[in-house]
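Residue numbers (the working numbering): 5 to 175. Glycine residues also receive a C-beta, built at the ideal position from the N, C-alpha and C atoms.
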């Protein structure tokens with residue numbers, strides 16, 4: 005390959021190459037002395053900022069997880085408390101219903117006893133009234149029979165003698 009026909013920019017001569025290397029060395033020295041440390045400091049600061057941000061994000065994630073767990077525990081506690089309250093309410097309801105049933109039984113038994121007592125009293129009163137009426141009717145019938153039978157003095161004397169004989173025979 006023949007390099008003589010290529011443009012001069014692609015085939016620099018020795019003098020140009022020297023000055024280019026010298027300019028590159030000066031620029032590299034200035035950059036190495038002043039530019040690279042500033043760039044490295046900026047990169048380090050950026051790295052620290054990113055690391056701190058990641059650390060804060062991790063801490064925030066942990067706090068969020070803790071808050072979520074606390075929320076879950078609070079919800080579970082609320083559910084447990086709700087179940088306990090419902091259980092207590094059911095027990096109270098059952099106790100009230102049982103008390104009402106017992107009171108109804110007692111009231112029913114008391115009313116039944118009162119009704120039986122009233123029935124017995126009415127029956128005794130009815131029996132007494134019937135006995136009284138029977139006695140009155142018996143007396144009236146006996147009186148009418150005796151009047152008819154004892155209309156004469158002789159019949160009265162015969163009845164008295166018969167009763168005296170019965171009384172003396174019973175003794």
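Original post:
Quick one: what does DSSP say residue 17 is sitting in, helix, strand or coil?
Top reply: As a position in the chain shown, residue 17 is number 13, starting the count at 1. If DSSP states are grouped into helix, strand and coil, residue 17 belongs with coil.
Original post:
Alpha carbon to alpha carbon, how far is residue 86 from residue 104?
Top reply: On the chain shown, residue 86 is found 82 positions in, with the first residue counted as 1. On the chain shown, residue 104 is found 100 positions in, with the first residue counted as 1. Cα to Cα, residue 86 sits roughly 26 Å from residue 104.
**OP:** Alpha carbon to alpha carbon, how far is residue 60 from residue 17? Give it in angstroms, no decimals.
**Re:** Numbered from its first residue, the chain shown carries residue 17 at position 13. Numbered from its first residue, the chain shown carries residue 60 at position 56. Taking C-alpha positions only, residue 17 is separated from residue 60 by approximately 58 Å.
Original post:
Could you give the uninterrupted runs of the beta strand (DSSP E) lying entirely in the region 93–157, keeping only those of 3 residues or more?
Top reply: When DSSP assignments are scanned along the region 93–157, no uninterrupted stretch of beta strand (DSSP E) that is 3 or more residues long falls wholly within it.
**OP:** Could you give the DSSP three-state label for residue 9: helix, strand or coil?
**Re:** Reading the chain shown from its first residue, position 5 is the one you call residue 9. In the three-state reduction of the DSSP assignment, residue 9 falls in the coil class.
Original post:
In whole angstroms, what is the alpha-carbon distance linking residue 133 and residue 172?
Top reply: The residue labelled residue 133 in the question sits at position 129 within the chain shown. The residue labelled residue 172 in the question sits at position 168 within the chain shown. Each residue's Cα considered, the two are about 34 Å apart.
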